[in-house]
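Colleague: Sequential numbering of the sequence shown, starting at 213, is according to the numbering used here.
Beta carbons: idealized from backbone N, C-alpha and C, even for Gly.
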Amino acid sequence: MQHIVVLTGAGISAESGLKTFRDSGGLWEGHSIDEVASIEGWYRNREKVLDFYNKRREQASLATPNAAHIAITNLEKKFRVTIITQNVDDLHEKAGSQDVIHLHGLLKEARSENDPDLIIDIGGDPIHVGDLASDGSQLRPNIVWFGEPVPMIEVAANIVLKADIFIVIGTSLAVYPAAGLIHYTKEGIPKYIIDPNFPELTMGDDWTHIREGAAMGMPKLVDELLDN
Ligand code: OAD
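#1: Looking only at DSSP bridge pairs, what is G455 linked to?
#2: By a C-beta neighbour count over all protein chains shown, 10 Å radius and 16 as the cutoff for buried, is V300 buried or exposed?
#3: Between which two residues does the beta strand (DSSP E) harbouring F378 extend?
#4: Would you tell me roughly how many angstroms separate the C-alpha atoms of L303 and S324, rounded to the nearest one?
#5: Would you check if the distance between the CB atom of I334 and the CB atom of A322 is smaller than 7 Å?
#6: Quick one: using the 10 Å Cβ neighbour count with 16 as the cut-off for buried, is N409 buried or exposed?
#7: What residue range does the beta strand (DSSP E) around T297 cover?
#8: Quick one: what's got a C-beta closer than 8 Å to V356's C-beta in the same chain, skipping five residues either side?
#9: Taking DSSP as the reference, what is the three-state secondary structure of I371?
#10: Measure the C-alpha to C-alpha separation of S349 and D327 and round it to an integer number of angstroms.
#11: Does the stretch 243 to 257 come close enough to the stretch 382 to 402 to have 3 or more Cβ pairs within less than 8 Å?
#12: If you reduce the DSSP assignment to three classes, tell me which class K260 lands in.
#13: Does the ligand OAD have even one heavy atom less than 6 Å from the beta-carbon of H243?
#14: Compute the distance between the beta-carbons of G336 and R269, then report whether it is under 7 Å.
#15: Report yes if the C-beta of N409 is less than 6 Å from at least one heavy atom of the ligand MN; otherwise report no.
#16: Run through the DSSP bridge pairs and tell me what Y255 is partnered with.
#17: Cβ of R323 within 6 Å of any heavy atom in the ligand OAD?
#18: Does the distance from the C-beta atom of L330 to that of D347 stay below 7 Å?
#19: Using only the heavy atoms of the ligand OAD, determine whether one of them is closer than 6 Å to the beta carbon of H316.
#20: Spatial neighbours of A345 within its chain, please: CB distance less than 6 Å, with the 5 preceding and 5 following residues excluded, ordered by chain position.
#21: Alpha carbon to alpha carbon, what distance is there between K267 and S309?
#22: CA-CA distance, S273 and S225?
#23: With the cut-off set at 7 Å, would you say G382 and D407 are in Cβ contact?
Spelled out as structure tokens, the structure:
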């Protein structure tokens, strides 16, 4: 059975009503990355960081998967599918995907400030200063912030190396090390990128660009792959 690896970014969740980061009106237009999504910002003002993620967690808990998330699950009729996502929503899981690697963490999880392995599921609930983990330390979002390591990046790179087909959906490829994953594919495999505005990178002529929104573009690509 051929193995399809899908790398997703905020763009796949845009049509589920969740803001992207770098589009006009995106999250980084209204917030400073340094203040709300970095380890330094956390030490400077925990309240501000918790508030930013509490709002996003509530929105994500109410969001539903769109046709793109569902189309990916349909691929499992004929292929082994692994999703590597930069997204912190759980829309892939809500759509029914099981093999999902979250490079940047998950909004529905909180963790001990002192022990990254002490993780609890909090659904859409808020975290406040004074909410403690079982080790007595402050609870924080189980999100990878700028300035922190990406624990799953090696696992993800090894999976991309094994891909027989590689699909990138809805990412500006602006953030490393996630963006570097596109360079781990074997020579000559089919590679697709679905994004209405192409990322800055010149992706090279060995990519098929589908210049559409994910909810339109991915179901069409899946039909094509299932028919081949
Ligand atoms: P960006 O906001 O940087 O990029 C979103 C991409 O999705 C852009 O290329 C858009 O053109 C595209 N897009 C927008 N609407 C779309 C749609 N309907 N269908 C398909 N594509 C669409 O988001 P990411 O690349 O995911 O990390 O950002 C990467 C990381 O930067 C995030 O994981 C987050 C952020 O800072 C951390 O916070 C650590």
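Modeller: Quick look at the numbers:
#1: Lying outside 213 to 440, the shown extent of the chain, residue 455 is not represented and no answer is given.
#2: The residue is buried, with at least 16 neighbouring Cβ atoms inside 10 Å.
#3: Counted as a single uninterrupted DSSP element, the beta strand (DSSP E) harbouring F378 occupies residues I377 to I381.
#4: Approximately 24 Å, taken between the alpha carbons.
#5: yes
#6: exposed
#7: Where T297 is concerned, the enclosing beta strand (DSSP E) starts and stops at R292 to T297.
#8: The answer, listed in chain order, is L315, H316, G317, V362 and P363.
#9: helix
#10: 9 Å
#11: no
#12: helix
#13: no
#14: yes
#15: Ligands in the displayed structure: the ligand OAD; the ligand MN is not one of them.
#16: Answer is none; Y255 lacks a bridge partner.
#17: no
#18: yes
#19: yes
#20: S324, L330 and L351
#21: 25 Å
#22: 13 Å
#23: yes
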